[in-house]
Each structure stands twice: as structure tokens, then as C-alpha cells.
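To start, the structure itself, in C-alpha cells.
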Amino acid sequence: MLRIIDVDHLHDYVLELVFSDGCVGTVDLQEMFLKPPLSQVEGFEHFSLTADGNLQWKHHQIRADFFRSLISPDKTAIDHRNSALSMEEIIKQAAWDSMCEGRTDILQAAIRAYVEEFGHSTVIAKAGIKSRTSAYRSLKPDTTPNFRTLVQLGHAVITLAQERET
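The opening residue of the sequence shown carries number -12 in our numbering; numbering runs sequentially from there.
Given below as C-alpha cells:
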């Protein structure tokens, strides 16, 4: 299933998106948000990344595959999933955005995407987390994650990506 793994609000109604298939691109959603029902959304920049990799503005959710269809093939290129450096950059940016906005869901979503790529069991074992329940709970949307667990999971996925590259 296609997922958005990272999103940045660039300006106005323009977002830069990174997808689980490696596609990276920008979308301008101004026309969509000027018409009902999205014209009712206040604060375009106040979106969240859902557990299944879609974007949500309060009660309005837009699927990742719709966004992906808006990006022309010539704007796809980099497979971020295969690069440990790119993973590290995305997780660092997500951590920064989480702190700036006071929203743990940003960091959760970034780490969750990579945990799912490598598989929960593999990442939890690499992280040395004894409580699988704690690891799952830390990645579950609408929960208050344990920061230590998120750090362990983030470190584990970066380590797994580095090992894959060697």
C-alpha cells in the first residue's frame, strides 16, 4: 500500500511529499482548498499524517495515492527507502518538526513508516526492546509515545539501513 512517509509545508498550499515507493515531489493544493468541502478547512498548515500514510485536516482525509497521481513522472526519482542517510535526514527533520510544533505524531509517523518497511519484529529485536507491547504502543496513533522507545526504534531502522547498504 502506498504511504506518505514525510511531508513538509513549503508555502501557501504547496506541500513537498516523500512516498513509500521512493517518489518525491511537490503538490499545489490551492484549487482543491478553495472549493467545498475543503474550503471549510481553517489553517491549511495544520494537517497530520495518519497511521496508514494519508494526510488529514481535521475531518477531511486525502489518500496518498491521490497525491501521488498529482506528481508527474519526471518529478519522481530518488528512492529514499534505500538510503540510510535519507532515512536519518527524514527522522531528524521529523524530530525537529515534532519539537517545534509540540506534536509527537510527526516523529511517530516517520519512524512507523520505516519500522513497517523492515518489519516490526526485526526492528524491535535490533533495538533491543524487551517489551513488544511498548514498541507497538509507541508507534500507535493517538497515543503518547515513550520517547526512549522512539529513539531506540529510530536508531534501529537507521542501523538496519546502513547494514543493508554494506
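Glycine is no exception: its CB is placed at the ideal position from the N, C-alpha and C atoms.
Just so it is clear, the structure is predicted and the values come from calculations on it, not from any experiment.
Distance from the Cα of residue 36 is smallest, within the candidate group 8, 18 and 85, for 85.
Pairing residue 140 with residue 109 gives a Cβ-Cβ distance that is not under 9 Å. For residue 131, the CB contacts under 8 Å within the same chain, skipping 5 residues up- and downstream, are 91 in chain order. Relative to the Cα of residue -3, the nearest Cα in the group -11, 16 and 7 belongs to 16. Non-local beta-carbon contacts of residue 52 in its own chain, meaning distances under 8 Å to residues more than five positions away in sequence, involve -11 in chain order.
Taken in chain order, the unbroken stretches of alpha helix (DSSP H) that lie wholly in the stretch 17 to 56 and span 4 residues or more are 17 to 20 and 51 to 56. Under the DSSP assignment, residue -3 falls in the beta strand (DSSP E) whose first and last residues are -9 to -2. In chain order, 10, 12 and 14 place their CB closer than 7 Å to the CB of residue 58, counting only its own chain and leaving out the 5 sequence neighbours on each side.
For the 9 Å CB-CB criterion, residue 102 and residue 126 form a contact. Taken through DSSP and simplified to helix, strand or coil, residue 92 comes out as helix. The residues 47, in chain order, have a CB closer than 8 Å to that of residue 24 in the same chain once the five nearest residues on each side in sequence are set aside.
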